[in-house]
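Q:
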Amino acid sequence: MNRWLALLPLVVIAALTILFIGWSLKRDPAFKPDALVGQPIPETVLPMLDGDRAGDAMLDLKTAGRGRPMIVNVFASWCAPCRLEHPQLLELQRRGVAVVGIAYKDDPAATRAFLDELGDPFAMVLVDREGRGGLDLGISGVPETFAVDAMGKITAKASGPLVQPADIEPLIQAIQAPPRPLPTATPR
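In structure tokens:
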């Protein structure tokens, strides 16, 4: 009897391990709730990349899209997954989607070298050396990508690299404006 009682903690640990593995297999790893989806993009002001330095021109995230939908991608030259997702960002550019890059905690010269090596898919690149923009967006790491509609509202978020062509489709769908009803004449 004492021998069975000694094995009881091991049986409980094994049962909990099986339950945890089962839960992990059922859960969608891409699903990460984000408090900013449905909210306006922060009005964080950052310098624009000018050659291989942070330029004098400053721009806030909210006006970066200039009244058009955009994809905002937070990346860094030191980020290996950012290299993996780069072909999908080039595909977004090829399809005519405006992509705004935020170089997160990166040296502007390293950012320029990264873009010169892999191609530049960005309509503009904002320099976030101190990580303030990333903090305002609530990122947990790089890369992270946000779909922003023409009104400046975040409509979707993708955490981690966009490695498959199917990864960009939800972001493209999220920036499509819903059809607006035609104005109706009111009787006088």
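Under numbering that gives the first Met the number 0, think of the first position of the sequence shown as 0, with each following residue one higher.
All residues carry an ideal CB built from backbone N, CA and C; glycine is no exception.
This one's a predicted model, so the numbers in the text were calculated from it and none came from an experiment.
With three or more beta-carbon pairs closer than 8 Å as the criterion, would you say the segment 98 to 114 touches the segment 125 to 133?
A: Three or more beta-carbon pairs drawn from the segment 98 to 114 and the segment 125 to 133 are found closer than 8 Å, and the two stretches are therefore classed as touching.
Q: Per DSSP, what are the beta-bridge partners of Lys156 in this structure?
A: Phe145
Q: Determine which residues share a DSSP beta bridge with Arg131 and list them.
A: Paired residue(s): none; Arg131 is not in a bridge.
Q: With a CB to CB cut of under 6 Å and the five nearest residues on each side skipped, what residues in its chain are close to Phe30?
A: Because the pLDDT of Phe30 is 43, which lies under 50, any placement of that residue in the model is unreliable, and the question is left without a value.
Q: What's the call for Thr43, buried or exposed, on a 16-neighbour Cβ count within 10 Å?
A: buried
Q: Could you give the distance in angstroms between the alpha-carbon of Asn72 and the alpha-carbon of Cys78?
A: 13 Å
Q: Roughly how many angstroms lie between the CA atoms of Ile165 and Ile174, to the nearest whole one?
A: Inspection of the sequence shows that residue 165 is occupied by Ala rather than by Ile. Cα to Cα, Ala165 sits roughly 15 Å from Ile174.
Q: Indicate the three-state DSSP secondary structure (helix, strand or coil) for Ile171 in the structure shown.
A: helix
Q: Pair every Cβ in the segment 113 to 120 with every Cβ in the segment 136 to 154, then say whether three or more of these pairs are closer than 8 Å.
A: no
Q: To which residues of the same chain is Pro39 closer than 6 Å at the C-beta, ignoring the five residues directly before and after it?
A: Gly151, Lys152
Q: Check whether the Cβ atoms of Leu58 and Met47 sit closer than 8 Å, and answer yes or no.
A: Closer than 8 Å, so yes.
Q: Count the other CB atoms within 10 Å of the CB of Thr62; is the residue buried (16 or more) or exposed (fewer)?
A: Exposed: under 16 other Cβ atoms inside 10 Å.
Q: When we look at the beta-carbon of Thr16 and count the other beta-carbons within 10 Å, is it buried (16 or more) or exposed?
A: The residue is exposed, with fewer than 16 neighbouring Cβ atoms inside 10 Å.
Q: Can you tell which of Phe74, Val96, Pro80, Pro160 has the C-alpha that lies nearest to the C-alpha of Gly133?
A: Phe74
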